[in-house]
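Asks:
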Amino acid sequence: MKKTRSLITACLLLLATHAVAQRVMERLDRGVVAVRTGNSVFISWRLLGLDPQNIGFNLYRSANGAAAVKLNTSVLTGGTNYTDNSANLTVRNAYYVRPVVNGAEQAASLSYTLIANAADKPCFTVPLRTGSLIHFVWVGDLDGDGEYDYVVDRLDWNGGGCKIEAYKRDGTFLWDVDYGPNSVNMDNISPGSAAIDVGNWDGVTVYDLDLDGKAEVITKIANGVRFGDGSTWSNSSNTRQWLAILNGQTGALKSYVTIPQDYSSAGSLAGSLGIGYLDGATPSVIGKFKNRNADGSFNLMVCAFKYAGNNTTLQWKWLRGSSNAADGHQIRIIDVDGNGTDEICDIGYCLNGNGTLRYSLGAQGIVHGDRTHIGKFDRNRAGMQGYGVQQNNPSGLLEYYYDANTGSVLWKHMGAVSDVGRGAAGDIDPRYNGFEVWSFSGVYNAPGNTKLTDEPARPYPNFRLWWDGDLLSENLNDEKIEKWNYTASTVSRLVTMWNFDGAGGSDRGAPMFYGDILGDWREEVILVTDNYSKLVVFTTNVPTSTRLYTLAHNPAYRNCMTIKGYMQSHHTDYYLGNGMSTPPAPNISYAGTPMAAAGIASVATAADAALAKGFEISPNPVGETFINLQWQTAEKADHVFTITNGHGQMLFEKKLGMMPAGQFNTRINISKAKLAPGTYIGSLRSAGSIQSKVFVKL
């Protein structure tokens, strides 16, 4: 009895401790990378999100396969980068680090090898198979080694349709998917049912959904798609579409679910995908879908999907209908209210994590526009802030700045009606608090709504980038990295990217990918060679003393890395700029650890309360082989009860059948699950929702 009480107490303490669930994120290695700069080698590596504050590093170099030597004389405790001035550049040099905690050296990281006689350049190449145009690149750890691999698209505009290809980080080809005849129509607005990456759409993303340490590839599919293992998806309809979960190592289909067909009478849906943590602990796939009616009007639907235990379900869907909620060309998935769970935001509205409308900006005059940003732009104001630009707003509204939690517009800039096609946000002037914003009306300090320059004195408003050694933002545009000179109101060129390996980006002056995927907290940019046979990965060669954990472990930033559409700048949920404070450690755990399992098990957070209303599991704790379920449903639907463990693995499934609207009680024998003592998640799934409760098995 004493043992039983101790277990109950421990489980209850676990649930209480994780009332605000920890987000389970990737277990990353150190991301060591090295580039030649002059006669030296610049090396950088990751500080991880949960590294102790007193962690240091020793850096080792192995020349031409010889025994490694330590390069530093004392433990490195500053910025996670180092300039090696003693390397023999005529031979290959492999670099790795060993963390040092409380004086004890830890296990070595994976190594990075700089080839013999490497060129002096801030980039390296990744070989690819020959093929057609590449528009987008996604990253994810496909093989579980703690480093990012690559998924690239191939778009054949001469009638060949769309493909994706997967590669290990060294360029080893893994598999490809051919989207087939329904991807040949690559119209920007009304593409074929299987077409990807046209217009402001994508239809693909990459993420570790089941938190086993290996990323899945998520994509929309339709009739005729051939998967990585050679199997083909066949259906009599050429307009019906599904969301497919693919094995990241093989490209084989793991799971699928129908994309809701509410607007199927108007044809197939164009779509964009991203990742969000709607329960605060585990990832969901967010899909934004749209098609056009015969009268030229548009239908808009946003959906959330959950993949667990090789089952994919629709969590909810939101139909815009006639509501005054303008959409733009990209979604933002970010925790705007600081409760640990993500919201889904567009240029003119924001949805709560349960799919209900949080607010619309329509009543404040916001219509469609091309760019929107959400992040921590004001270090002195609580919460997140947003900035957006407008396309031909009849009122003459050009750009606006608002509270991303409440939707309250803080200022507007008016002028002649025009299409403001670009807008950027970043800290580019240290004389003022917070981020600056700029489109084509000069530069403004956003928190103070202070105009700093008149047009055309500004950087081009494309992408904010962290590249050099200070905390100010640089600018990325059309294969150029530039620095704003705030005292002279001019721009200086830092890197001309096309000078290296013939690197080029997309037709919008955008890269195929950018984000913090290697080295320290600065950002990488992925372009391609002119014949699409190599990726060109740009990584900084500038030392910095600033020490920040990898941006890939920041929840808001990592979500941004999964989203394409019209690519826009990534932002963090803490203020990263001049005068910043040391950011707090993120509330995360790493996939595959006991802490992660605890975090997954405690998904019954406040954001789930609405979904779980009326759903009960008793007794709790469970001491026998039977449990009782009580729930209510508002409409007729097929119901399934499942039990999953802390890793998202399904251990038990019971089909309850079609239920009419009403209240229900049922008793279920769960002995076949053979549950060991511990904490589990019981979920009741129906066509439009999932209701979950945490329970303890004694």
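Position in the sequence shown (first residue = 1) + 1384 = the numbering used here.
Idealized CB from N, CA, C, for every residue including glycine.
All values reported here derive from a predicted model rather than from experimental measurement.
So, L2082 versus G2007, is the Cβ gap smaller than 7 Å?
Replies: The residue labelled residue 2082 in the question sits at position 698 within the sequence shown. The residue labelled residue 2007 in the question sits at position 623 within the sequence shown. Against a cut-off of 7 Å, the Cβ pair of G2007 and L2082 comes out as a contact.
Asks: Which residue comes first and which comes last in the alpha helix (DSSP H) that contains Y1916?
Replies: Taking the sequence shown and counting its residues from 1, the one referred to as residue 1916 is at position 532. Neither: Y1916 is in no alpha helix (DSSP H) and is coded neither H nor E.
Asks: Any contact of the segment 1951 to 1958 with the segment 1747 to 1758, i.e. 3+ C-beta pairs under 8 Å?
Replies: Short answer: they touch.
Asks: Could you please give me the residues that DSSP links to R1676 through a beta bridge?
Replies: For the purposes of this step, residue 1676 is taken as the residue at position 292 of the sequence shown. Beta-bridge pairing links R1676 to F1682.
Asks: If you follow the alpha helix (DSSP H) that A1940 is part of, which residue opens it and which one closes it?
Replies: Start at 1 with the first residue of the sequence shown, and residue 1940 comes out as number 556. Note, A1940: alpha helix (DSSP H), 1939 to 1944.
Asks: May I ask you to report which of helix, strand or coil DSSP gives K1454?
Replies: Along the sequence shown, read from residue 1 onward, the residue named residue 1454 stands at position 70. Looking at K1454 - three-state DSSP - the assignment turns out to be strand.
Asks: Count the C-beta pairs between the segment 1424 to 1444 and the segment 1902 to 1916 that are closer than 8 Å, then say yes if the count reaches three, no if not.
Replies: Yes: at least three Cβ pairs fall under 8 Å.
Asks: Is it buried or exposed, W1559, if we count other Cβ atoms within 10 angstroms and call 16 or more buried?
Replies: By 1-based counting over the sequence shown, the position of residue 1559 is 175. Flag for W1559 reads buried.
Asks: Cα separation between L1539 and G1515?
Replies: Along the sequence shown, read from residue 1 onward, the residue named residue 1539 stands at position 155. Along the sequence shown, read from residue 1 onward, the residue named residue 1515 stands at position 131. So the alpha carbons of these two residues sit roughly 9 Å apart.
Asks: On a CA-only basis, which of S2002, D1533, Q1714, I1439 is nearest G1597? Give me that one, please.
Replies: Here residue 1597 refers to the residue found at position 213 of the sequence shown. For G1597, the nearest C-alpha among the options comes from D1533.
Asks: Quick check on Q1769: does DSSP put it in helix, strand or coil?
Replies: Counting from 1 along the sequence shown, the entry for residue 1769 is found at position 385. Looking at Q1769 - three-state DSSP - the assignment turns out to be strand.
Asks: Please go through the same chain and pick out, in chain order, the residues whose beta-carbon is closer than 7 Å to the beta-carbon of D1803, but skip the five residues on each side of it.
Replies: Here residue 1803 refers to the residue found at position 419 of the sequence shown. Taken in chain order, the residues that qualify are Q1775, N1776.
Asks: Looking at C-alpha atoms only, which residue of E1858, I1910, A2045 is the closest neighbour of R1553?
Replies: What you label residue 1553 is simply residue 169 of the sequence shown in a count that begins at 1. Nearest of E1858, I1910, A2045 to R1553, Cα basis: I1910.
Asks: How should E1820 be labelled, buried or exposed, when 16 other C-beta atoms within 10 angstroms of its C-beta is the threshold for buried?
Replies: Indexing the sequence shown from 1 puts residue 1820 at position 436. E1820 comes out buried.
Asks: So the candidates are G1440, S1567, S1470; which of them puts its Cα closest to the Cα of E1489?
Replies: By one-based count along the sequence shown, residue 1489 stands at place 105. Measuring from the Cα of E1489, the nearest candidate turns out to be G1440.
Asks: Using the three-state DSSP reduction, which class does N1566 fall into: helix, strand or coil?
Replies: The residue given as residue 1566 occupies position 182 in the sequence shown. Three-state DSSP puts N1566 in a helix.
Asks: Using the three-state DSSP reduction, which class does W1522 fall into: helix, strand or coil?
Replies: Numbered from 1 along the sequence shown, position 138 holds the residue referred to as residue 1522. Residue state, collapsed to three classes: strand.
Asks: Which residues share a DSSP beta bridge with A2021?
Replies: Residue mapping note: residue 2021 aligns to position 637 of the sequence shown, counting from 1. Paired residues: M2043.
Asks: Does V1641 get closer than 7 Å to chain D when you measure Cβ to Cβ?
Replies: No chain D appears in this structure, which consists of one protein chain only.
Asks: Would you kindly check if the distance between the Cβ of P1970 and the Cβ of H1937 is under 7 Å?
Replies: For this step, residue 1937 is matched to residue 553 along the sequence shown. For this step, residue 1970 is matched to residue 586 along the sequence shown. Result yes, Cβ atoms of H1937 and P1970 sit closer than 7 Å.
Asks: Extract the residue ranges of the beta strand (DSSP E) inside the segment 1423 to 1502, only unbroken runs of 3 or more that lie entirely within it.
Replies: 1424 to 1428, 1440 to 1447, 1465 to 1468, 1477 to 1485, 1496 to 1498, all fully within the segment 1423 to 1502.
Asks: Can you tell which of L1932, N1943, I1972, A1940 has the C-alpha that lies nearest to the C-alpha of L1961?
Replies: The sequence position of residue 1961 within the sequence shown is 577, counting from 1. What sits at residue 1961 in the sequence shown is Gly, not Leu. For the residues L1932, N1943, I1972, A1940, the minimum Cα distance to G1961 belongs to L1932.
Asks: Please report the straight-line C-alpha distance between T1871 and D1811, rounded to a whole angstrom.
Replies: Along the sequence shown, read from residue 1 onward, the residue named residue 1871 stands at position 487. Along the sequence shown, read from residue 1 onward, the residue named residue 1811 stands at position 427. So the alpha carbons of these two residues sit roughly 14 Å apart.
Asks: Going by beta-carbon coordinates alone, are D1435 and E1531 separated by less than 7 Å?
Replies: By 1-based counting over the sequence shown, the position of residue 1435 is 51. By 1-based counting over the sequence shown, the position of residue 1531 is 147. No. Outside cutoff.
Asks: Per DSSP, what kind of secondary structure is A1936 in: helix, strand or coil?
Replies: The residue labelled residue 1936 in the question sits at position 552 within the sequence shown. If DSSP states are grouped into helix, strand and coil, A1936 belongs with the helices.
Asks: Are there 16 or more other CB atoms within 10 angstroms of the CB of S1620, so buried, or fewer, so exposed?
Replies: Start at 1 with the first residue of the sequence shown, and residue 1620 comes out as number 236. With fewer than 16 Cβ atoms within 10 Å of its Cβ, S1620 is classed as exposed.
Asks: Name the two residues that bound the continuous beta strand (DSSP E) containing Q1699.
Replies: Here residue 1699 refers to the residue found at position 315 of the sequence shown. Start and end: 1695 to 1703.
Asks: Where does S2067 fall in DSSP's three states?
Replies: Taking the first residue of the sequence shown as position 1, residue 2067 is located at position 683. Three-state result, S2067: strand.
Asks: Relative to the C-alpha of A1332, which residue among P1483, I1499, A1500 is closest?
Replies: With the chain covering only 1385 through 2082, there is no way to say anything about residue 1332.
Asks: Between the segment 1640 to 1650 and the segment 1680 to 1688, are three or more C-beta pairs nearer than 8 Å?
Replies: Segments in contact, yes.
Asks: Under the DSSP definition of a beta bridge, which residues are partnered with E1820?
Replies: Here residue 1820 corresponds to residue number 436 of the sequence shown, with the count starting at 1. Bridge partners of E1820: G1810, N1829.
Asks: Is it right to say M2042 is buried, meaning 16 or more other beta carbons lie within 10 angstroms of its own, or is it exposed?
Replies: The residue you call residue 2042 lines up with position 658 of the sequence shown. Exposed.
Asks: Classify M1881 as helix, strand or coil using the three-state DSSP reduction.
Replies: For the purposes of this step, residue 1881 is taken as the residue at position 497 of the sequence shown. Note: M1881 maps to helix in three-state DSSP.
Asks: Output yes or no for whether 7 Å exceeds the beta carbon distance between I1717 and I1728.
Replies: Sequence index remark: in the sequence shown, residue 1717 carries index 333 (1-based). Sequence index remark: in the sequence shown, residue 1728 carries index 344 (1-based). Taking 7 Å as the Cβ cut-off, I1717 and I1728 qualify as a contacting pair.
Asks: Which stretch, first to last residue, makes up the beta strand (DSSP E) that contains S1973?
Replies: Working through the sequence shown from its first residue, we reach residue 1973 at position 589. Its beta strand (DSSP E) spans residues 1972 to 1974.
Asks: Using DSSP with H/G/I as helix, E/B as strand and the rest coil, what is A1747?
Replies: Mapped onto the sequence shown, residue 1747 falls at position 363. Helix at A1747.
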